[in-house]
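Take a look at the structure below.
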Amino acid sequence: MGVSGWAADQVAAAAERIAPWRQQHTAQVRPRLARVLEAFAAERLGTQHFASVSGYGHGDQGREVLDRVFARVLQAEAAAVRLQFVSGTHAIAAALFGVLRPGDR
8 MGVSGWAADQ VAAAAERIAP WRQQHTAQVR PRLARVLEAF AAERLGTQHF ASVSGYGHGD
68 QGREVLDRVF ARVLQAEAAA VRLQFVSGTH AIAAALFGVL RPGDR
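Take 8 as the starting number for the sequence shown in our numbering and just add one per residue.
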């Protein structure tokens, strides 16, 4: 089942039209990807960090390494990467509840 000549021509024309956009996009993505890969290597992230744990998360090396990778990529002091945070607002609220006491402003 081959592709008709007309369909192949349409695909080629579309690829040619988007070529400048693809080049610009690739130029923007490459430095970001390099930063992510450098962080993975610097923190020595490997498949062993994604192995299952007891479920409680105590001493979960993968979680700790992933936190450091995110902090490094985002150039932050620290990071907390959790599935339990359902939104950015949830993460901010959790941080504020962790450091503020009733009556604090």
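Note that beta-carbon positions come from the ideal geometry of N, C-alpha and C, so glycine has one too. Given the structure is predicted, the values throughout are model-derived calculations rather than measurements.
What separation, rounded to the nearest whole angstrom, lies between the Cα atoms of residue i and residue j?
i	j	result
G12	D67	55 Å
Q31	P109	50 Å
P27	Q17	17 Å
G69	A102	21 Å
G9	A15	10 Å
L107	A87	18 Å
L90	A100	15 Å
R29	Q55	35 Å
L40	A19	28 Å
Return helix, strand or coil for residue i, following the three-state DSSP convention.
i	result
E71	helix
P109	coil
V80	helix
V93	coil
V10	coil
R51	coil
My assumption, with CB atoms under 8 Å, is that residue i sits in contact with residue j. Please give the rounded CB distance.
i	j	result
R51	V80	Going by Cβ atoms, the distance from R51 to V80 rounds to 15 Å, so no, they are not a contact pair.
A98	F92	4 Å
E71	A78	Actually they do not touch by this definition, with Cβ atoms about 11 Å apart.
Classify residue i as buried or exposed, calling it buried when 16 or more other Cβ atoms lie within 10 Å of its own Cβ.
i	result
L73	buried
V76	buried
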